[in-house]
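Q:
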Amino acid sequence: MAEPSLQAAPVVVAGAAAEAVPESTSLRESTPLRGRARARLPRWTHGWLLPLAVLAVWELAADLGWVSASMLPAPSTIAAAFGRLAATGELETHLRVSLIRAGGGFLLGGATGLLLGLFTGLGKWAERALDPTIQMIRTVPLLAVIPLFILWFGVGELSKWLLIGLGSFFPLYFHTFLGVRSADFKLYEVARTLRFSRIQLLTKLVLPAALPNILLGVRLSSGVAWLMLAVAEMMGASAGVGYMIQDARVYAQTDIVFVGILLFALVGKLCDSGVRLLEKRWLRWRHTHKG
Numbered sequence: 001m002a003e004p005s006l007q008a009a010p011v012v013v014a015g016a017a018a019e020a021v022p023e024s025t026s027l028r029e030s031t032p033l034r035g036r037a038r039a040r041l042p043r044w045t046h047g048w049l050l051p052l053a054v055l056a057v058w059e060l061a062a063d064l065g066w067v068s069a070s071m072l073p074a075p076s077t078i079a080a081a082f083g084r085l086a087a088t089g090e091l092e093t094h095l096r097v098s099l100i101r102a103g104g105g106f107l108l109g110g111a112t113g114l115l116l117g118l119f120t121g122l123g124k125w126a127e128r129a130l131d132p133t134i135q136m137i138r139t140v141p142l143l144a145v146i147p148l149f150i151l152w153f154g155v156g157e158l159s160k161w162l163l164i165g166l167g168s169f170f171p172l173y174f175h176t177f178l179g180v181r182s183a184d185f186k187l188y189e190v191a192r193t194l195r196f197s198r199i200q201l202l203t204k205l206v207l208p209a210a211l212p213n214i215l216l217g218v219r220l221s222s223g224v225a226w227l228m229l230a231v232a233e234m235m236g237a238s239a240g241v242g243y244m245i246q247d248a249r250v251y252a253q254t255d256i257v258f259v260g261i262l263l264f265a266l267v268g269k270l271c272d273s274g275v276r277l278l279e280k281r282w283l284r285w286r287h288t289h290k291g
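Residue numbers for the sequence shown, in our numbering: 1 to 291.
Next comes the structure, spelled out in structure tokens:
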């Protein structure tokens with residue numbers, strides 16, 4: 001009686017395997033279908049889905065009268081104000097002035113932060129001498145130094161450049177310092193074995209190892225530069241996007257206020273995307289999780 005049971009077992013196992021084959025085949029066939037369904041939209045459009053949905057709901061709420069037109073104008077009204085300012089050339093003038101201020105202040109503060117970050121990161125004595133003072137200055141709110149900047153430098157371009165530069169300094173300094181200190185110690189031992197000069201050590205080891213953190217600092221510094229630009233232009237200016245927003249606020253032109261906010265958002269996003277393109281090009285060697 002035992003032999004029939006032994007012969008029946010392979011039959012049962014074979015039957016189960018035969019039933020499992022169509023299921024696995026169907027899974028393999030359905031997986032590409034799901035992948036194709038996700039790939040119908042181009043990758044670059046994925047980031048626009050949420051903003052477009054918000055704009056559609058916003059426009060619908062404005063059309064139905066759910067929101068006040070004076071407090072929250074419809075996107076179509078804001079777009080009309082944008083086109084009107086662009087046609088008169090006023091938008092171009094304000095944007096050009098703001099770009100010069102933000103770019104000049106960012107270069108001033110970013111270059112200083114990069115050099116000091118390398119200096120304190122490479123030398124222990126430099127860290128002990130400079131880093132405590134920089135950390136103390138970092139804790140002072142930037143808005144608290146505006147009165148001093150006005151008293152010392154007036155309300156001209158110099159005070160605005162210095163204020164933007166001060167805000168841009170700290171992110172790039174700290175991430176450069178972190179990047180230098182996070183380099184693998186074994187790389188320094190290899191460089192010492194190969195008898196690298198100080199220039200070779202800086203260009204072939206320190207900067208490549210610190211580059212991911214430096215680029216992250218550039219992204220954060222550019223964002224702070226636009227933030228401080230808005231503050232600097234609102235505290236006293238005769239041109240610029242921040243001045244345009246402040247002037248529109250005085251005359252209750254909410255649509256123009258939103259135009260200025262939109263300009264800050266678009267230009268800031270373009271700067272951030274530019275740095276991310278540099279990251280993709282310069283950091284191809286880095287193997288990280290892509291999600």
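Built from N, CA and C at the ideal position, the CB exists for glycine as well.
Note that the structure is predicted; figures quoted are calculated from it, not measured.
Is the separation between the beta-carbon of G217 and that of L262 shorter than 8 Å?
A: no
Q: Below 6 Å CB to CB, which residues in the same chain sit around R181 once its five sequence neighbours on both sides are set aside?
A: Once the five neighbours on either side are set aside, the close Cβ partners of R181 are G121.
Q: Measuring CA to CA, which of L166, G156, L162 is closest to I137?
A: L166
Q: Between R195 and the rest of its own chain, which residues show a CB-CB distance below 7 Å, the 5 nearest in sequence each way excluded?
A: none
Q: With distances taken Cα to Cα, identify the nearest neighbour of E92 among G268, C271, E59, A239.
A: A239
Q: Hey, out of V275, L277, D272, I256, whose CA is closest to A74's CA?
A: Nearest option by C-alpha distance: I256.
Q: Anyone know if the C-beta pair for I150 and L229 falls short of 8 Å?
A: no
Q: Tell me the DSSP secondary structure of S293 in three-state form.
A: Since the first and last residues shown for the chain are 1 and 291, residue 293 lies out of range.
Q: Assuming A102 and A225 are in contact, meaning their beta carbons sit under 8 Å apart, how far apart are those beta carbons, in whole angstroms?
A: 5 Å
Q: Would you grab the beta carbon distance between V54 and A61 for me? Rounded to a whole angstrom, and I think it's under 8 Å.
A: That belief does not hold up - the Cβ atoms of V54 and A61 are roughly 11 Å apart, past 8 Å.
Q: Distance check for G260 and W285, CA to CA, integer angstroms please.
A: 39 Å
Q: Can you grab the Cα-Cα spacing for the pair S76 / S70, in whole Å?
A: 14 Å
Q: If you reduce the DSSP assignment to three classes, tell me which class P294 lands in.
A: Residue 294 cannot be examined here, being either before or after the span of the chain that is shown, 1 to 291.
Q: Hey, how far is the Cα of D272 from the Cα of G154?
A: Between the C-alpha atoms of D272 and G154 there is a straight-line separation of about 31 Å.
Q: Would G206 be called buried (16 or more neighbouring beta carbons within 10 Å of its own) or exposed?
A: The amino acid at residue 206 is misidentified as Gly; the sequence shows Val. By the neighbour-count definition (other C-beta atoms within 10 Å, threshold 16), V206 is a buried residue.
Q: Report buried or exposed for I199, applying the criterion of at least 16 other Cβ atoms within 10 angstroms of its Cβ.
A: exposed
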